[in-house]
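Numbering (my numbering) for the sequence shown: 140 to 291.
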Amino acid sequence: ALPIYITAVGSVNPDENFRFLVKQKNANFSEVSQQLVDRIYEFLETKGLQYYIKSINCIKAFREEAIKLSKVQLFNAFLQTLKDKVEERTLTEFWEILVQDSISLISKVEAEESRVSIEEAKQFLAPKEKRTEISLDAAEEGGDVDDLLDMM
Numbered sequence: 140a141l142p143i144y145i146t147a148v149g150s151v152n153p154d155e156n157f158r159f160l161v162k163q164k165n166a167n168f169s170e171v172s173q174q175l176v177d178r179i180y181e182f183l184e185t186k187g188l189q190y191y192i193k194s195i196n197c198i199k200a201f202r203e204e205a206i207k208l209s210k211v212q213l214f215n216a217f218l219q220t221l222k223d224k225v226e227e228r229t230l231t232e233f234w235e236i237l238v239q240d241s242i243s244l245i246s247k248v249e250a251e252e253s254r255v256s257i258e259e260a261k262q263f264l265a266p267k268e269k270r271t272e273i274s275l276d277a278a279e280e281g282g283d284v285d286d287l288l289d290m291m
C-alpha cells in the first residue's frame, strides 16, 4: 500500500488526520488545531448524532494532543468558545454527550501549565439551566440539614 500523504484535517477522519499532522516535525499546532476546530463547527452545523460523535472524537483528540504537546491554553480557549456557541445554538444533545464523556477544560492536575482548577473543570460542564435546578434541590434538601441540626 502506498503511504497516504495527509496535508490537512479532512472531513472523513478528522481526528486521525489531526493526530497525524501534529506529530510531524514541522507541525504548527495552532494551525492544525484551527483546521480541526473548523471541522468541529462544520459537523455541529449539520446536527445529528453521527456528527456529534465525530465532533466529540475530534475534541478528544485535540484535548489529548494539547496535553502531550503543552498547548493547554489553546484547547481551553477553544472549549470555552465552543460552550458559548453551544448555548447560543441550543445544541443540548451534543453538550450532554460531552458531559457524559466528562470532556472538560484541562485542569492543573492533568497539565502543570493549566490555570484551571479541578473544581472549575467540573463546574464548566454544568449547563446554565441545570445550575438553577441544582440550587432548588439544595433548597429542598436544606430541610434535612435543618432537621439534622435540630437533632443535635
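Positions of the beta carbon are idealized from the N, C-alpha and C atoms, including for glycine.
### Message
Please state the DSSP three-state secondary structure of residue 257.
### Response
helix
### Task
With DSSP collapsed to three states, give me the class of residue 265.
coil
### Query
Shortest alpha-carbon distance to residue 255 belongs to which of 211, 180, 225, 158?
211
### Task
With a threshold of 16 other CB atoms inside 10 Å of the CB of residue 193, please say whether the residue is buried or exposed.
buried
### Query
Once you ignore the five residues that flank residue 176 on each side, which residues in its own chain have a CB closer than 7 Å to its CB?
217
### Task
Would you check if the distance between the CB atom of residue 191 and the CB atom of residue 233 is smaller than 7 Å?
yes
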